[in-house]
Each structure stands twice: as C-alpha cells, then as structure tokens.
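Here this note's numbering runs 4 ahead of the position in the sequence shown, where the first position is 1.
From the three backbone atoms N, C-alpha and C, an ideal C-beta is built for every residue, glycine too.
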Amino acid sequence: MPKEKNQEVWKYYKVDKSGIKRLKKECPRCKGSFLAEHKDRRHCGLCSYTEFKTKGSK
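Right under this line is the structure:
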C-alpha cells in the first residue's frame, strides 16, 4: 500500500488576528477544492474546470 502524500494544506491559508484567509481560489463547480495556479490559467484537477488569465490580472 503506498504512503499517503503530505498535502501541506497549511500553504493554502493565512491566519492573522482578523481570521483565516484563503490564498488560492476555490473551484466554483466543486466547492471544496482549490484551483491550481499555472502561468496562463487556473485549473481544477477534480472536474477539469479551467479559467484563463488575462494579461491585466494577477
């Protein structure tokens, strides 16, 4: 049986005095998974939802 991969979920959130903030965008279809950040797009690995970044966006 393969070992579980360490997901390092703590990298997806930032905690400060005002509360918890998500650092990555959440998938609008899946509601619970984060979108992977690529150079020109954001992609969900579960449902294959893709958002393309425009030149002016972050």
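Looking at the backbone, the Cα of Y53 and that of R33 are separated by about 8 Å. Under the three-state reduction of DSSP, Y53 is assigned to coil, being neither helix nor strand. Contact between K18 and K28 does not hold, since the beta-carbon distance rounds to 11 Å and is not under 8 Å. In the three-state reduction of the DSSP assignment, K18 falls in the strand class. One Cα belongs to R46, the other to K35, and the distance between them is close to 15 Å.
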